[in-house]
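*Asks:*
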Amino acid sequence: MKRCPKIHDKISVENQYYVMVSENESHKMIPCFYGGSISVPKPFGIQEVNDAIEQTWSTTPSEKWSAARVFISPSKINISVGNSFIVDCRISCLPFFGIAKNDTKLCGFIQRTVSNAFVCHVLKCEPNAGHFCHTLKAACELRYQQFLDSRYDGDRNRQKSYC
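If you count the sequence shown from 1, position 161 lands on 161 in UniProt numbering, and the numbers rise without skipping.
Okay, here's the thing in structure tokens:
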């Protein structure tokens, strides 16, 4: 991932504040089409993602999908349509993502909401969703490594205080 300048500090959308990545955090922007989101019963499983993709694809014509930009950083994923951020998801609230079984351009990711429900966001990427999923996988791995490093630093500081 490359370092990019700060995009936005805060953008107000319907009385909610979406905070973009800080200027010190690297992120990647991926253009795509946003098909919408659908509630799913479980937080994981390719079948959940495929069912959500199929339902979105069958109920929303492709010409109604919104041109969007996805911003992926080690701490969050944001989706903007025009000047509005419509999805703000911390990486720690993202239990599963995957590519559709019948069309490699379609993908989805499941988000755990504040009310502990699960929502699958559906995207269409060109030429395929591999780049999106690879970038999201790298962000998840980096976030996990940051978590492990912080735990290690905490353990090391705790050991020093006992001596």
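For glycine and all other residues, C-beta sits at the position ideal for the given N, C-alpha and C.
Given a cut-off of 8 Å, decide if G98 and H89 are closer than it, judged by their beta-carbon atoms.
*Replies:* Along the sequence shown, read from residue 1 onward, the residue named residue 89 stands at position 89. Along the sequence shown, read from residue 1 onward, the residue named residue 98 stands at position 98. The sequence given here places Cys at residue 89; His does not occur at that position. For C89 and G98, no; Cβs fall outside 8 Å.
*Asks:* Spatial neighbours of Q145 within its chain, please: C-beta separation below 8 Å, excluding the five flanking residues on both sides.
*Replies:* Translated into the one-based positions of the sequence shown, residue 145 becomes position 145. Taken in chain order, the list of residues that qualify is empty.
*Asks:* Rounded to whole angstroms, how far is the Cβ of A139 from the Cβ of K105, which I believe are closer than 8 Å?
*Replies:* Within the sequence shown, residue 139 is the residue found at index 139, counting from 1. Within the sequence shown, residue 105 is the residue found at index 105, counting from 1. So it is not a contact: roughly 21 Å between Cβ atoms.
*Asks:* As an exercise, report each continuous beta strand (DSSP E) stretch of at least 3 residues that is fully enclosed by the stretch 24-76, in chain order.
*Replies:* Qualifying beta strand (DSSP E) stretches, in chain order: 28-40, 66-72.
*Asks:* Considering Cα atoms alone, identify which of S62, P74, F44 is closest to V142.
*Replies:* Taking the sequence shown and counting its residues from 1, the one referred to as residue 142 is at position 142. For the record, residue 142 in the displayed sequence is Leu; it is not Val. Closest by alpha carbon: P74.
*Asks:* Grab the span of the beta strand (DSSP E) containing D88 for me, first residue to last.
*Replies:* As a first step, residue 88 is located in the sequence shown; it is residue number 88 there, counting from the start. D88 -> beta strand (DSSP E) spans 84-90.
*Asks:* Give a yes or no on whether the C-beta atoms belonging to F109 and W65 are separated by under 8 Å.
*Replies:* Counting from 1 along the sequence shown, the entry for residue 109 is found at position 109. Counting from 1 along the sequence shown, the entry for residue 65 is found at position 65. Not in contact: F109 and W65 (Cβ atoms no closer than 8 Å).
*Asks:* Among K42, K124, L136, C133, which residue has its Cα nearest to the Cα of E63?
*Replies:* In the sequence shown, counting from the first residue as 1, residue 63 sits at position 63. Cα-wise, what sits closest to E63 is K124.
*Asks:* Measure the Cβ-Cβ separation of I30 and V70 and say whether it is below 8 Å.
*Replies:* Within the sequence shown, residue 30 is the residue found at index 30, counting from 1. Within the sequence shown, residue 70 is the residue found at index 70, counting from 1. Going by C-beta atoms, I30 is nearer than 8 Å to V70.
*Asks:* Considering V119, what are the terminal residues of the beta strand (DSSP E) in which it resides?
*Replies:* Stepping through the sequence shown from its first residue, residue 119 is reached at position 119. It spans 118-124 - the beta strand (DSSP E) in which V119 sits, taken as one unbroken run.
*Asks:* What separation, rounded to the nearest whole angstrom, lies between the Cα atoms of F132 and F118?
*Replies:* Within the sequence shown, residue 132 is the residue found at index 132, counting from 1. Within the sequence shown, residue 118 is the residue found at index 118, counting from 1. So the alpha carbons of these two residues sit roughly 20 Å apart.
*Asks:* Are C93 and V40 close, meaning C-beta to C-beta below 8 Å?
*Replies:* As a first step, residue 93 is located in the sequence shown; it is residue number 93 there, counting from the start. As a first step, residue 40 is located in the sequence shown; it is residue number 40 there, counting from the start. Result no, Cβ atoms of C93 and V40 do not sit closer than 8 Å.
*Asks:* Would F44 and P95 be called neighbours here (beta carbons separated by less than 8 Å)?
*Replies:* Numbered from its first residue, the sequence shown carries residue 44 at position 44. Numbered from its first residue, the sequence shown carries residue 95 at position 95. Yes, Cβ-Cβ distance for F44 and P95 is below 8 Å.
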